[in-house]
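Numbering (the numbering used here), first residue to last: 51 to 281.
In structure tokens:
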């Protein structure tokens, strides 16, 4: 939209630099173009439809929270397909934590995780793990490795994973976590992390929105000054 100075004549009308009569739009000194139209809110009735749709979501969400079990998204499975903390393992409820065994000469056996009742913190304990030497259904007692519990999964401390690559620790930690808990589990871990920092995220979002509005107000109040200064 072109901007041109206007002047008020003696008879109360306004004219531009070429002497043509113009009409002021609001308080701005703008010459309207032939194809210019005044902008206004369109289809306001759809706002009501949107609010009705949001209200309709209340019922399935309420039903899911009341009768559903969101922990199914977080719980892991052992190599026999049993859900940790839910299914029965050897006559008892399986341990709630998913643990990946570590065998000397084989590394971490991510294809055959097990369910444990608590994450091991030392190598002085042991668990029955899949027998990699014979690839049979029998299990063998394997010494544990120190782990930390994260979202019902036993993960190695990051300092023990890649101590020689401290600058790339976060990247390798992400790759290890994807390999240990799987893609969906990793996504739910991210969701849990966001949930723990929800206060900081909300405050940051509100501060960003407020800063944006302040910037728009500044431009609205000082647009003319900025244009003249930049010319």
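Built from N, CA and C at the ideal position, the CB exists for glycine as well.
Sequence ranges, beta strand (DSSP E) only - wholly within the stretch 141–211, length at least 3: 147–149, 164–166, 176–181, 186–193, 198–200 and 203–205
Rounded C-alpha distance that separates residue 100 from residue 116: Here residue 100 is taken as the residue at index 50 of the chain shown, counted from 1. Here residue 116 is taken as the residue at index 66 of the chain shown, counted from 1. Taking the straight line from one Cα to the other gives about 25 angstroms.
Candidates 188, 199, 275 and 205, of which the one nearest residue 130 by Cα: Numbered from 1 along the chain shown, position 80 holds the residue referred to as residue 130. The shortest C-alpha separation from residue 130 is found at 188.
Nonlocal neighbours in the same chain, by C-beta distance under 8 angstroms from residue 246, ignoring five residues either side: For the purposes of this step, residue 246 is taken as residue 196 along the chain shown, with counting starting at 1. Excluding residues within five positions, none has a Cβ falling inside 8 angstroms.
Cα-Cα separation, residue 218 to residue 105: Looking up residue 218 in the chain shown gives position 168. Looking up residue 105 in the chain shown gives position 55. Here the model assigns residue 218 a pLDDT of 42, short of 50, so the residue's position is not dependable, and the following value carries that caveat. Straight-line Cα distance between these residues: approximately 46 angstroms.
Residues bridged to residue 139 [DSSP beta-bridge criterion]: Reading the chain shown from its first residue, position 89 is the one you call residue 139. Paired residue(s): 142.
Segment contact flag, the stretch 158–178 with the stretch 188–201, C-beta cutoff 8 angstroms, min 3 pairs: yes
Residue 124 vs residue 201 beta-carbon contact at 8 angstroms: As a first step, residue 124 is located in the chain shown; it is residue number 74 there, counting from the start. As a first step, residue 201 is located in the chain shown; it is residue number 151 there, counting from the start. In this structure, residue 201 lies closer than 8 angstroms to residue 124 by Cβ.
Rounded C-alpha distance that separates residue 138 from residue 132: In the chain shown, the residue the question calls residue 138 occupies position 88. In the chain shown, the residue the question calls residue 132 occupies position 82. Taking the straight line from one Cα to the other gives about 7 angstroms.
Expected contact under 8 angstroms - CB spacing of residue 251 and residue 259 to nearest Å: Indexing the chain shown from 1 puts residue 251 at position 201. Indexing the chain shown from 1 puts residue 259 at position 209. At roughly 13 angstroms, the Cβ-Cβ gap does not stay under 8 angstroms, so residue 251 and residue 259 are not in contact.
CA nearest to the CA of residue 207, picked from 170, 184 and 181: In the chain shown, the residue the question calls residue 207 occupies position 157. If we check each option's Cα against that of residue 207, 170 comes out closest.
Whole-Å CB distance - residue 148 paired with residue 126, under 8 angstroms assumed: As a working mapping, residue 148 is identified with position 98 in the chain shown. As a working mapping, residue 126 is identified with position 76 in the chain shown. About 3 angstroms separates the two Cβ atoms, so the contact holds.
Three-state secondary structure assigned by DSSP to residue 268: The count along the chain shown starts at 1 and reaches residue 268 at position 218. DSSP places residue 268 in helix when its eight states are reduced to three.
Short Cβ contact (8 angstroms threshold) for residue 146 with residue 157: Residue numbering aside, residue 146 sits at position 96 when the chain shown is read from its first letter. Residue numbering aside, residue 157 sits at position 107 when the chain shown is read from its first letter. No, the pair does not count as a contact, with Cβ atoms beyond the cut-off.
Span separating the alpha-carbon of residue 155 from that of residue 144: Here residue 155 refers to the residue found at position 105 when the chain shown is read from its first residue. Here residue 144 refers to the residue found at position 94 when the chain shown is read from its first residue. So the alpha carbons of these two residues sit roughly 28 angstroms apart.
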